[in-house]
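Reminder that position 27 of the sequence shown reads as 26 in numbering that gives the first Met the number 0, one-by-one numbering, no gaps.
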Amino acid sequence: MKISLNTLPRGRSELIFDSLVELQRDKSIEWKPLQLELKLGIDRQEKNFHIHGRVSCTGLFICESGLEEFEDKLDGKFKFLLTYNSKYLDDLETEEIVLLPINQIEFDLYPIVRETLLLAIPISHVCGTDCKAGKSLRKKIQSDSEVDERWAKLKDMFNE
């Protein structure tokens, strides 16, 4: 997912990526990517590149409740400034800035796409609100014995 900076036209341009190769090679990802679409909007002004992207990826995940495989879609956005000029590091505090070495003509988007997708994964990633496998698993691990009265109120603590 590399963009060649020296071939980008001045002004606005758009690029679309759909290759899964880098995601599939990444051993740190705990899910299987199936389909990817990355849409980039690039605004080139001299040696500055304002980049905003929208990434959408379908993959196979493991349900945290039922421990079964399910398909889900992740969506995320990112925005940053690529520049060769270090003066922007102090001027623009609200925008994420990537400072490039003078001779760098390619920029690899993969680390940013990867981070965007990982941040799009829900904290509790389940196959659905009515996960039958999860309910079955909870029944199997539930104790048949009576709950100690001192702990009974804790059972409903997070239901509010």
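Glycine included, each C-beta is placed from N, C-alpha and C at the ideal position. What you are looking at is a predicted structure, and each value in this text was computed from that prediction instead of being measured.
* To do: Check each candidate in Leu7, Leu19, Asp155, Lys78 and name the one with the smallest Cα separation from Glu160.
  => Any question about residue 160 goes unanswered here, given that the chain covers just 0 to 159.
* To do: Would you kindly check if the distance between the Cβ of Thr128 and the Cβ of Gly75 is under 7 Å?
  => no
* Helix, strand or coil at Pro32 according to DSSP, with G and I counted as helix -> Strand.
* To do: Over the uninterrupted alpha helix (DSSP H) stretch that includes Thr115, give me the two end residues.
  => 109-119
* Out of Lys26, Asp42, Phe48, which has the shortest C-alpha to C-alpha gap to Asp98? -> Asp is not the amino acid found at residue 98; the sequence shown has Leu there. That would be Phe48, whose Cα lies nearest to the Cα of Leu98.
* Asked: alpha helix (DSSP H) containing Glu70: first to last residue?
  -> Not the alpha helix (DSSP H): Glu70 falls in the beta strand (DSSP E), residues 68-82.
* **Endpoints, the alpha helix (DSSP H) within which Arg149 is located** => 148-151
* To do: Compare the Cα-Cα distances from Cys62 to each of Leu153, Glu148, Ile122 and report the closest residue.
  => Ile122
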